[in-house]
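Number of protein chains: 2
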Amino acid sequence: MKRPTIADVARRAGVSKGAVSYALNGQPGVSEATRQRILAIAAEIGFSPSSAARALSGATARAIGLILARPARTLGIEPFFMELISGVEAELSARSYALTLQVVADQDAEIEVYRRWWGERRVDGVLVCDLRTGDRRVPVLEELGLPAVVIGGPAGAGGLPHVWSDEAAALAETVEYLYALGHRRIARVAGLPDLLHTALRSRAFTEVGQRLGLTEAVTVSSDYTGEEGARVTRRLLSSRLRPTALIYDNDVMAIAGLSVAQEMGITVPADLSIVAWDDSPLCRLVHPPLTALGRDIPAYGGHAAAQLLQVIEGAEAAGLEDEQAHLTPRGSTGPPPSQH
Amino acid sequence: MKRPTIADVARRAGVSKGAVSYALNGQPGVSEATRQRILAIAAEIGFSPSSAARALSGATARAIGLILARPARTLGIEPFFMELISGVEAELSARSYALTLQVVADQDAEIEVYRRWWGERRVDGVLVCDLRTGDRRVPVLEELGLPAVVIGGPAGAGGLPHVWSDEAAALAETVEYLYALGHRRIARVAGLPDLLHTALRSRAFTEVGQRLGLTEAVTVSSDYTGEEGARVTRRLLSSRLRPTALIYDNDVMAIAGLSVAQEMGITVPADLSIVAWDDSPLCRLVHPPLTALGRDIPAYGGHAAAQLLQVIEGAEAAGLEDEQAHLTPRGSTGPPPSQH
DNA sequence: CTGAAAGCGCTTACAG
DNA sequence: CTGAAAGCGCTTACAG
Numbered sequence: 001m002k003r004p005t006i007a008d009v010a011r012r013a014g015v016s017k018g019a020v021s022y023a024l025n026g027q028p029g030v031s032e033a034t035r036q037r038i039l040a041i042a043a044e045i046g047f048s049p050s051s052a053a054r055a056l057s058g059a060t061a062r063a064i065g066l067i068l069a070r071p072a073r074t075l076g077i078e079p080f081f082m083e084l085i086s087g088v089e090a091e092l093s094a095r096s097y098a099l100t101l102q103v104v105a106d107q108d109a110e111i112e113v114y115r116r117w118w119g120e121r122r123v124d125g126v127l128v129c130d131l132r133t134g135d136r137r138v139p140v141l142e143e144l145g146l147p148a149v150v151i152g153g154p155a156g157a158g159g160l161p162h163v164w165s166d167e168a169a170a171l172a173e174t175v176e177y178l179y180a181l182g183h184r185r186i187a188r189v190a191g192l193p194d195l196l197h198t199a200l201r202s203r204a205f206t207e208v209g210q211r212l213g214l215t216e217a218v219t220v221s222s223d224y225t226g227e228e229g230a231r232v233t234r235r236l237l238s239s240r241l242r243p244t245a246l247i248y249d250n251d252v253m254a255i256a257g258l259s260v261a262q263e264m265g266i267t268v269p270a271d272l273s274i275v276a277w278d279d280s281p282l283c284r285l286v287h288p289p290l291t292a293l294g295r296d297i298p299a300y301g302g303h304a305a306a307q308l309l310q311v312i313e314g315a316e317a318a319g320l321e322d323e324q325a326h327l328t329p330r331g332s333t334g335p336p337p338s339q340h
Numbered sequence: 001m002k003r004p005t006i007a008d009v010a011r012r013a014g015v016s017k018g019a020v021s022y023a024l025n026g027q028p029g030v031s032e033a034t035r036q037r038i039l040a041i042a043a044e045i046g047f048s049p050s051s052a053a054r055a056l057s058g059a060t061a062r063a064i065g066l067i068l069a070r071p072a073r074t075l076g077i078e079p080f081f082m083e084l085i086s087g088v089e090a091e092l093s094a095r096s097y098a099l100t101l102q103v104v105a106d107q108d109a110e111i112e113v114y115r116r117w118w119g120e121r122r123v124d125g126v127l128v129c130d131l132r133t134g135d136r137r138v139p140v141l142e143e144l145g146l147p148a149v150v151i152g153g154p155a156g157a158g159g160l161p162h163v164w165s166d167e168a169a170a171l172a173e174t175v176e177y178l179y180a181l182g183h184r185r186i187a188r189v190a191g192l193p194d195l196l197h198t199a200l201r202s203r204a205f206t207e208v209g210q211r212l213g214l215t216e217a218v219t220v221s222s223d224y225t226g227e228e229g230a231r232v233t234r235r236l237l238s239s240r241l242r243p244t245a246l247i248y249d250n251d252v253m254a255i256a257g258l259s260v261a262q263e264m265g266i267t268v269p270a271d272l273s274i275v276a277w278d279d280s281p282l283c284r285l286v287h288p289p290l291t292a293l294g295r296d297i298p299a300y301g302g303h304a305a306a307q308l309l310q311v312i313e314g315a316e317a318a319g320l321e322d323e324q325a326h327l328t329p330r331g332s333t334g335p336p337p338s339q340h
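Residue numbers (the UniProt record's numbering), protein chains in the order written: chain A, 1 to 340; chain B, 1 to 340.
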């Protein structure tokens, strides 16, 4: 089955290819009657303009790129990325842009793919995730002039527009909530230490701890996996003056932490309170369900995509502060055990 | 920064554009010395051939498509798809193909996207997931002649090549294992009933139940979400002669089921054994860790991608039977409680 | 409002 | 082994 081209439509309609192009793209240059007739014929013979020909004629590729540079193992287990992607998709498909996805091993590979995509003109722009301290991707993207929007911030995005959420404030509120419940020994199990948002959260945690006079507000680094989350939890709960509350940087580690508590005979929430960041259906799956800090991740992805499309279409995009994560108290938090 | 074209390379090398093209694509028509010189210059000025120009010249788009037609909610929570995607990616990027991903609401939307992609020549082929009974996508893809490989089977793929795993055998082995432990009342919490592999598993479950004389081998339908998994489990465990073993069609429902047992004061595995299909890190996160039926999903995705690339390159692809899922016994299974 | 033509950046027969 | 040229299917000034 041969695919119809613009020439087929033009022949059937008895007009020039140019006229068909104008009609299809909503440009002036054809009468309304002609436009309708051309559109009807195009629909009838199932014509879609070749994306390659369009891209080659200086129009855009109508595709944006997203690269994930995390081990497959971590990627699969965290609902975050899939939720982000579906939000991005919703925005893109409404404007009939495609999403080109690539999973790579590290930042070097990621940078290489950006260079290749730019050379190939394969995408019109990219969404950048997992900002790191001193991120090497940002200057490369700026140098290439490849439109890009950073997901994360507020700092570290260089001159690139970014979409972010005030994680420091959300963390502070969480600590204050635990403090109000009576907790004085609060520890935090953090994600990968070289991610910028981990650093931001750690600083915020230290600050609020000092403000409230919690001398033992410790942050312990981890890597988002259940294994590490469990290991760190075991260590924290084995110390002589163990924490009465734990805040985890993702849902997976929090669930692993809950299992460790159960395995050690520590009752949640009577003996230990647990808070998960990244609220997700996983948090409601376990018993007790986890108190969690969450926000609308698909919407976040959608906003980032919308910003990127603005940049691609030549508009100024100043970036956007998204909603702050809010705490949903469930069964895993309560007052600390009374001191005897 | 202007992107270098093949003409820039040709000028610098002092040859024609055709010669550059031959050199780049490893075609005969240039001397080895010239080829090396051209390659060096291309690398030096950072040239990558425009994917649009390539695609337009009759070469391929060097991209394949994957459409996921499940609600975002379900997508995010199951590690399966992200693992599949990373396996697909690994195979594709080794051959420098791109992956175009789209998330849609239903099969109608999916079919529409296939038609559009075909018309736009945006992808060279597609990977088809979540085969259903009487799948409407298969005849459309066959009619279009868009190269496609189905992930799943063994039946229902029509004339399309497919990659599959013998789920019936894996399920039978699992039931036999539980039988050997002493279980006689075994129930199964199934996934979405209109997915073909759910039907295959259900039939296999009934068959092995009959063969072993388990008159109460019930399958209850669900939808893969934790909510539904919990609800169904509550109902099953509330019946007068409740099952002593439950087999779940995914990890998420199994974890929800475990929580329900805990909430009802039913001890796992002393009072109830639980088996999860789709082994994933989630299964090792809970307490007790779940006995699970699993296999290498990234490899599965990689095999499907490899088959598709074969089809695209014009080779016959007969399809492929992948490894059978194997049972990893962990803490959630044991002998049934003794009858008093 | 419409038609004829150039051009995007490649690939690939076709002559030399 | 190499060069000149046509063609892929669009978009977009440029004349009429």
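Note that the Cβ used here is the ideal one computed from N, Cα and C, for glycine as well.
Just so we're clear, the structure is a prediction, and the values are computed from it rather than from any experiment.
Residue-level contact to chain B via CB, residue i, 8 angstroms cutoff
i	result
A:H340	Because the pLDDT of A:H340 is 49, which lies under 50, any placement of that residue in the model is unreliable, and the number read from its coordinates should be weighed accordingly. Not closer than 8 angstroms to any Cβ of chain B, the Cβ of A:H340 fails to qualify, so no.
A:E83	yes
A:A100	Residue identity differs from the one stated: residue 100 of chain A is Thr in this sequence, not Ala. For A:T100, the answer is yes, since a Cβ of chain B falls inside 8 angstroms of its Cβ.
A:L39	no
A:S86	yes
A:F205	no
A:G314	no
A:A55	yes
A:E89	yes
Sub-8 angstroms separation of residue i and residue j beta-carbons
i	j	result
B:D251	B:S280	yes
B:Y22	B:G14	no
B:V265	B:L196	The amino acid at residue 265 of chain B is misidentified as Val; the sequence shows Gly. No, Cβ-Cβ distance for B:G265 and B:L196 is not below 8 angstroms.
B:S48	A:E120	yes
A:A199	A:T206	no
B:F81	A:M253	no
B:A256	B:A292	no
A:R240	A:V260	no
A:D223	A:R132	no
B:H303	B:V163	yes
B:V138	B:G158	yes
B:Q262	A:H183	no
A:S332	A:L290	yes
A:K17	A:A10	yes
A:P79	B:I41	no
Neighbour flag for residue i against chain A, beta carbons, 8 angstroms
i	result
B:A169	no
B:S50	yes
B:S93	yes
B:G294	no
Local Cβ density within 10 Å of residue i, reported as buried at 16 or more and exposed below that
i	result
B:D249	buried
B:D108	exposed
A:A169	exposed
B:S100	A quick correction: the sequence has Thr, not Ser, at residue 100 of chain B. Buried is the call here.
A:A155	exposed
A:I186	buried
B:A43	exposed
B:Q102	buried
A:D130	buried
A:T267	exposed
A:D106	exposed
A:A33	exposed
B:Q50	Inspection of the sequence shows that residue 50 of chain B is occupied by Ser rather than by Gln. The residue is buried, with at least 16 neighbouring Cβ atoms inside 10 Å.
Cross-chain neighbours of residue i in chain A, by beta carbon under 7 angstroms
i	result
B:P79	G76 and I77
Interface partners of residue i on chain B, CB under 8 angstroms
i	result
A:R3	W118, G119 and R121
A:G46	R115 and G119
Under 9 angstroms by beta carbon: chain B residues contacting residue i
i	result
A:G226	P281, L282, R284 and L285
A:A61	S51 and A52
For the segment 244–265 of chain B, enumerate the residues whose C-beta is nearer than 7 angstroms to any C-beta of chain A, in chain order.
Residues V252, I255, A256, S259, Q262 and E263.
Give the residues from the segment 267–286 of chain A that approach chain B closer than 8 angstroms (Cβ to any Cβ), ordered along the chain.
If the cut-off is 8 angstroms between Cβ atoms, the segment 267–286 of chain A has S280, P281, L282, R284, L285 and V286 near chain B.
Can you give me, in chain order, the residues of the segment 101–122 of chain B that have a beta carbon less than 9 angstroms from any beta carbon in chain A?
Under the 9 angstroms Cβ criterion, the segment 101–122 of chain B contributes L101, Q102, V103, V104, A109, V113, R115, R116, W117, W118, G119, E120, R121 and R122.
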